[in-house]
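**Q** The numbering of the sequence shown is this note's numbering, which starts it at 11 and goes up by one. Glycine included, C-beta positions come from ideal geometry on N, C-alpha and C. Here it is: the structure, laid out below.
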Amino acid sequence: MDAVSRRAWIVFTAVLPAGCHAGLSGEPAATVAPAASGPLDRGATPETRALFLNLRRLAREHVLFGHQDDLAYGVQWSNEPGRSDVKETAGSYPAVYGWDAGGLERDGAANLDGVAFERQRAWIAEGFARGGVVTLSWHMRNPVTGGNAWDTSAAVRAILPGGPQHAVYVQWLDRFADYVKSLRAQGRSGGEVSVPVVFRPFHETSGGWFWWGARHATPEDYRRLWRFTVEYLRDRKGVHNLLWAFSTDVFDSPAQYLERYPGDAYVDVLGFDDYQSVRTPATRDLFARRLRDVVELAEARGKIPALTETGVEAVPDSAWWTQTLLGGITANSVGRRIAWVLVWRNATFEREHRYHFFAPYPGQASVPDFVRFRQDSLILFEDELPDLYRVTP
Numbered sequence: 011m012d013a014v015s016r017r018a019w020i021v022f023t024a025v026l027p028a029g030c031h032a033g034l035s036g037e038p039a040a041t042v043a044p045a046a047s048g049p050l051d052r053g054a055t056p057e058t059r060a061l062f063l064n065l066r067r068l069a070r071e072h073v074l075f076g077h078q079d080d081l082a083y084g085v086q087w088s089n090e091p092g093r094s095d096v097k098e099t100a101g102s103y104p105a106v107y108g109w110d111a112g113g114l115e116r117d118g119a120a121n122l123d124g125v126a127f128e129r130q131r132a133w134i135a136e137g138f139a140r141g142g143v144v145t146l147s148w149h150m151r152n153p154v155t156g157g158n159a160w161d162t163s164a165a166v167r168a169i170l171p172g173g174p175q176h177a178v179y180v181q182w183l184d185r186f187a188d189y190v191k192s193l194r195a196q197g198r199s200g201g202e203v204s205v206p207v208v209f210r211p212f213h214e215t216s217g218g219w220f221w222w223g224a225r226h227a228t229p230e231d232y233r234r235l236w237r238f239t240v241e242y243l244r245d246r247k248g249v250h251n252l253l254w255a256f257s258t259d260v261f262d263s264p265a266q267y268l269e270r271y272p273g274d275a276y277v278d279v280l281g282f283d284d285y286q287s288v289r290t291p292a293t294r295d296l297f298a299r300r301l302r303d304v305v306e307l308a309e310a311r312g313k314i315p316a317l318t319e320t321g322v323e324a325v326p327d328s329a330w331w332t333q334t335l336l337g338g339i340t341a342n343s344v345g346r347r348i349a350w351v352l353v354w355r356n357a358t359f360e361r362e363h364r365y366h367f368f369a370p371y372p373g374q375a376s377v378p379d380f381v382r383f384r385q386d387s388l389i390l391f392e393d394e395l396p397d398l399y400r401v402t403p
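Here it is in C-alpha cells:
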C-alpha cells in the first residue's frame, strides 16, 4: 500500500479530555486523577490535546518512526536546509523529531550537541508544519556543581523546595518556559499556535549515569522533583503545550519500572530507552518483553506507550531494522502497540571525528533494509501521517 493510500484510511474519533491541577508542594495532589480520555493538563492547547488523543489511538495500529536532530545535521553534512539522512535514504522525513534543551539552563546560544537554539526553534516549527511530532529531552547541567548532566554529584534534594539550590532551578525553569512558549507556528486553521511538544525531562531514570538517576536520588526525591516541575511550568508559568513523558532505561520488571514513577496525574507518556537489548536478534525476546510491559502499564492508565530512545551505533548489522528492531516490536500483539520509536542522532563525522550515527545515510550498508522497514504497514513516516493536531468530532 502506498503512502497516500495508507494515510487515507486512518480516521480518528475521540472526545476532548478533562484533567486535573495540583499544588506546588511536590506531593501528590488531593484531586481526581486526569480522565483517561485526555492529557494531565486540563488547560492544554487544543493541538496538544489532539496530539495526545491521536497518538494514543494511532498506537493501536501503527508505530511512528523518529530520529534525533534529524533536520540539523547528518553524517556528511550540517545546517543545510531541507536535508535529512532519513529522507535521503527512506524517501520521507521521520514522523517524530527529537530535540534537546541542554544548555538553555545557562542561557546558552546552542545545546550540548552544538545545535543553535534559534535554528532549533525554526526546525521545530518546520517539522510541526509538515505534521510531524516534536519531542524534547533536557540534558540539564548539574545545578550544584555546574558540571554536565553526567556529573553525578548529589543535586536532586538541593533543588527541591527549601533546598539551597532551589532558586537556581526555578530560574532554569523560567528560561525553559520562555523557550517553549516561543515555539510557535501556523496552525491548521491559519492562525499562529503553540507547537505541542512531548517533553521528556530526567530521562533514563533507572540508570546511574545522570545526576537525577537511581543511584543518586531516592525514588521519593525524584518523584517530588518531577511533580514540582510539572506544577511550576503548568500552573505558575502557564505552559500548556507540553505532553509529559516519563522514561526509564532498561528494567527487569513492571515493579522496577514504576519504582520512580511520579503518578498518573503527572505523566502523559510512559516510555523507556533501550540500547542494550536491541543490539542483536539474540536478545529480541527480552526487548519484546519490555515493550509488552510498557504498553500494558500505559494502556492500564490511559497513557501513551513509547520506545523513547533506541538504536545501535553505526548500525553494523545490515538487517538490523527488520530483523531486530521490527522483529522485536512485532514479536507479540501487545508490544507492537507503542506509539513511536526514536533512534538517536547522526553526528557529523567531520565535526566529531567518529562514526556516531543511529539512522542510515546514503551508501550505508543498512539502507536497503531500512527501506524495507519503512515499507512495513505497521511503520509510519511523516508523509504517511494523518492530521495529528485535530480531533474529528
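Just mark E214 as buried or exposed, buried being the case when its beta carbon has 16 or more other beta carbons within 10 Å.
**A** By 1-based counting over the sequence shown, the position of residue 214 is 204. That one is buried.
**Q** Residue ranges of each alpha helix (DSSP H) run of no fewer than 4 residues wholly in the stretch 215-268, ordered along the chain?
**A** For the stretch 215-268, whole alpha helix (DSSP H) runs of length 4 or above, ordered along the chain, are 229-241, 264-267.
**Q** Using CA coordinates, which residue listed in S387, D278, F367 is at the minimum distance from T404?
**A** Any question about residue 404 goes unanswered here, given that the chain covers just 11 to 403.
**Q** Nearest-angstrom Cα distance between H224 and H363?
**A** Counting from 1 along the sequence shown, the entry for residue 224 is found at position 214. Counting from 1 along the sequence shown, the entry for residue 363 is found at position 353. Sequence inspection shows Ala at residue 224; the His mentioned does not correspond to that position. Cα to Cα, the separation comes out at about 32 Å.
**Q** Is DSSP giving T318 helix, strand or coil here?
**A** Indexing the sequence shown from 1 puts residue 318 at position 308. Three-state result, T318: strand.
**Q** Contact check, T340 vs R346 under 8 Å by CB: the rounded distance?
**A** By one-based count along the sequence shown, residue 340 stands at place 330. By one-based count along the sequence shown, residue 346 stands at place 336. Confirmed, about 5 Å.
**Q** Apart from the five residues just before and just after V85, which ones in its own chain have a Cβ nearer than 7 Å to its Cβ?
**A** To locate residue 85, count along the sequence shown from 1; it is residue 75. For V85, where only same-chain residues beyond five positions count, the Cβ hits under 7 Å are D95, N356, T358, F359, F367, Y371.
**Q** How is D95 classed by DSSP in three states: helix, strand or coil?
**A** In the sequence shown, counting from the first residue as 1, residue 95 sits at position 85. Three-state DSSP puts D95 in a helix.
**Q** Measure from the alpha carbon of D184 to the alpha carbon of each residue in V144, E241, T290, then state which is nearest.
**A** Within the sequence shown, numbered from 1, the residue matching residue 184 stands at position 174. Closest option to D184, Cα to Cα, is E241.
**Q** Less than 9 Å between the C-beta atoms of T99 and V322, yes or no?
**A** Taking the first residue of the sequence shown as position 1, residue 99 is located at position 89. Taking the first residue of the sequence shown as position 1, residue 322 is located at position 312. Result no, Cβ atoms of T99 and V322 do not sit closer than 9 Å.
**Q** Who pairs with F212 in a beta bridge, going by DSSP?
**A** Within the sequence shown, numbered from 1, the residue matching residue 212 stands at position 202. The partner list for F212 (beta bridge, DSSP) is empty, contrary to what the question assumes.
**Q** Excluding the 5 residues flanking V180 on each side, which residues of the same chain have their C-beta closer than 8 Å to its C-beta?
**A** On the sequence shown, residue 180 is found 170 positions in, with the first residue counted as 1. Taken in chain order, the residues that qualify are Y242.
**Q** Can you tell me whether DSSP reads Y179 as helix, strand or coil?
**A** Taking the first residue of the sequence shown as position 1, residue 179 is located at position 169. Helix at Y179.
**Q** So for L146, helix, strand or coil by DSSP?
**A** Residue mapping note: residue 146 aligns to position 136 of the sequence shown, counting from 1. DSSP places L146 in strand when its eight states are reduced to three.
**Q** Kindly list the residues whose CB is nearer than 7 Å to the CB of R294, restricted to its own chain and excluding five residues on each side of it in sequence; keep chain order.
**A** Sequence index remark: in the sequence shown, residue 294 carries index 284 (1-based). Same-chain partners within the cutoff: T334, G337, G338, A341.
**Q** Note the first and the last residue of the continuous alpha helix (DSSP H) segment covering Q196.
**A** In the sequence shown, the residue the question calls residue 196 occupies position 186. Looking at the DSSP string, Q196 is not in any alpha helix (DSSP H); the run it does join, the beta strand (DSSP E), is 194-196.
**Q** Spatial neighbours of A120 within its chain, please: CB distance less than 7 Å, with the 5 preceding and 5 following residues excluded, ordered by chain position.
**A** Position 110 of the sequence shown, counting from 1, holds the residue named residue 120. These residues qualify, in order along the chain: G113, A126, F127.
**Q** Just list the residues that DSSP pairs D283 with in beta bridges.
**A** For the purposes of this step, residue 283 is taken as the residue at position 273 of the sequence shown. Paired residue(s): E319.
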